[in-house]
Amino acid sequence: MTGTVITVAPTGAEVSKADVPALPVTLDELVRTAKECEALGASIVHVHIRDAAAEPTLDQGRLRATVAALRESTDLIVQLSSGGAVTDPESDRLAVLDAGPEMASCTMGTVNFGDGVFLNRWEFIVDLHTRMQERGIVPEYEIFDLGQLTTLQRLLGKYGLPAGGHVHVDLVMGVPGGMPGTAAALVACEQVIRDLPAGTTFSATGIGRSTIPVMLASLSAGGHLRVGMEDTTTYAKGQPVESNMQLVARAAGFAQLAQRPPLTTDATRSLLGVAPR
Ligand code: KMH
Ligand code: ZN
Numbered sequence: 009m010t011g012t013v014i015t016v017a018p019t020g021a022e023v024s025k026a027d028v029p030a031l032p033v034t035l036d037e038l039v040r041t042a043k044e045c046e047a048l049g050a051s052i053v054h055v056h057i058r059d060a061a062a063e064p065t066l067d068q069g070r071l072r073a074t075v076a077a078l079r080e081s082t083d084l085i086v087q088l089s090s091g092g093a094v095t096d097p098e099s100d101r102l103a104v105l106d107a108g109p110e111m112a113s114c115t116m117g118t119v120n121f122g123d124g125v126f127l128n129r130w131e132f133i134v135d136l137h138t139r140m141q142e143r144g145i146v147p148e149y150e151i152f153d154l155g156q157l158t159t160l161q162r163l164l165g166k167y168g169l170p171a172g173g174h175v176h177v178d179l180v181m182g183v184p185g186g187m188p189g190t191a192a193a194l195v196a197c198e199q200v201i202r203d204l205p206a207g208t209t210f211s212a213t214g215i216g217r218s219t220i221p222v223m224l225a226s227l228s229a230g231g232h233l234r235v236g237m238e239d240t241t242t243y244a245k246g247q248p249v250e251s252n253m254q255l256v257a258r259a260a261g262f263a264q265l266a267q268r269p270p271l272t273t274d275a276t277r278s279l280l281g282v283a284p285r
């Protein structure tokens, strides 16, 4: 059993700055947040960006500037979201890879997403996976429902292992329309993950109030953690999240308690097959 990879997902595409003023939306806010989260034990930053009006965007110039600034100011593995917002066209989502991240997310199927639909057609998944292979970008396969693990198995069987040769999965649990954020659902996923290539690792995040049960279940099942204001804006009943740092500090504390302390950025790179800086 290794230590714990902690991914911070500080912004997302769904939470509005007007509702949650502490959400990092400018490049300065994002870089400051990333630095502080790294100091607390995060080793990956999962990045969605916003425009001047704090709305989600996949603007290529902003994406490139974000990758450059995060690489200059932190040692974190920079993982761009290729999921974007549910309204983003496939072409813009594919173009995210042009911004040159070390990792990118790659979702394994279509899922109802609250009132919207997060569309991920098979051909689009294949496109993302093969383009990442060609460019040496390490994917994090995002799983919103159990059957998406079967899609991943099919993808790897037909198109081969990702860049770096290691398979890493993130279970995104508790989305309205996806699997529930429960220990039982996490264990069901873990059983299927065993059929993926040897050494496959997984992290998990629980949306909203499922954050704590999912975190504890993941640690006890040998998984890693993703936390952040993309997924959670309430720290405890009636208590809004103050910052991403508060969530990373809690995750690092749980990881310490589980005797699986946070992994350094170098150790995470080596575990996930991301090239050293
Ligand atoms: N914002 C969601 C529609 C990802 O980053 O790859 C998609 C998402 C997954 O957050
Ligand atoms: Zn995301």
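Residues in the sequence shown are numbered from 9 upward in steps of one, following our numbering.
Heads up, the beta-carbon is just placed ideally off N, CA and C, and yes, glycines get one too.
Inset, instruction - Ignore the nearest five residues each way along the sequence and tell me which others in D100's own chain have a CB closer than 6 Å to its CB. - result: For D100, where only same-chain residues beyond five positions count, the Cβ hits under 6 Å are L66.
Inset, instruction - Anything with a beta carbon under 7 Å from a heavy atom of the ligand ZN counts; list them all in chain order. - result: Residues close to the ligand ZN by the beta carbon criterion (under 7 Å to any non-hydrogen atom) are, from first to last along the chain, A17, G20, A21, H54, H56, S89, G91, S113, E238.
Inset, instruction - Give me the Cα-Cα distance between T240 and T219, rounded to the nearest whole angstrom. - result: Spanning the alpha carbons of T240 and T219 requires a straight line of approximately 7 Å.
Inset, instruction - Kindly examine the ligand KMH and report whether one of its heavy atoms sits closer than 7 Å to the Cβ of T159. - result: It does not: the Cβ of T159 is nowhere closer than 7 Å to a heavy atom of the ligand KMH.
Inset, instruction - Examine the ligand KMH and report whether any of its heavy atoms sits within less than 7 Å of the Cβ of V94. - result: Yes - the ligand KMH has a heavy atom lying nearer than 7 Å to the Cβ of V94.
Legend entry - Per DSSP, cross-strand counterpart(s) of I14: Listed as beta-bridge partners of I14 by DSSP are L233.
Inset, instruction - For D96, count neighbouring Cβ atoms within 10 angstroms of its own Cβ and tell me buried if that reaches 16, exposed if not. - result: So D96 ends up on the buried side.
Inset, instruction - Confirm the yes/no value for this check: CB of T115, any heavy atom of the ligand KMH, distance under 7 Å. - result: T115 Cβ: within cutoff of the ligand KMH.
Inset, instruction - Let me know the secondary structure DSSP gives T242 once reduced to three states. - result: For T242, the three-state secondary structure derived from DSSP is strand.
Inset, instruction - Output yes or no for whether 8 Å exceeds the beta carbon distance between T242 and G216. - result: Result yes, Cβ atoms of T242 and G216 sit closer than 8 Å.
Inset, instruction - Starting from the C-beta of V125, find all residues in its chain whose C-beta is less than 7 Å away, skip the five residues before and the five after it, and write them out in chain order. - result: Hits under 7 Å: V94, T118.
Legend entry - For L78, the nearest candidate out of S90, V55, S89, G92 (CA to CA): For L78, the closest alpha carbon among the candidates S90, V55, S89, G92 is that of V55.
Inset, instruction - Using only alpha-carbon positions, find the residue among T159, L224, M181 that is nearest to D203. - result: Considering only alpha carbons, the answer is T159.
Legend entry - Identity of the residue in E131, L71, L84, L224 nearest K166 by Cα: Cα-wise, what sits closest to K166 is E131.
Legend entry - Coarse secondary structure for Q267, derived from DSSP in three states: Residue state, collapsed to three classes: coil.
Inset, instruction - Compute the Euclidean distance between the alpha carbons of A289 and R277, then round it to the nearest angstrom. - result: Because the chain in this structure spans residues 9 to 285, residue 289 falls outside the shown range and cannot be described.
Legend entry - T273 to V16 span [Cα, whole Å]: Distance between the alpha carbons of T273 and V16 is about 13 Å.
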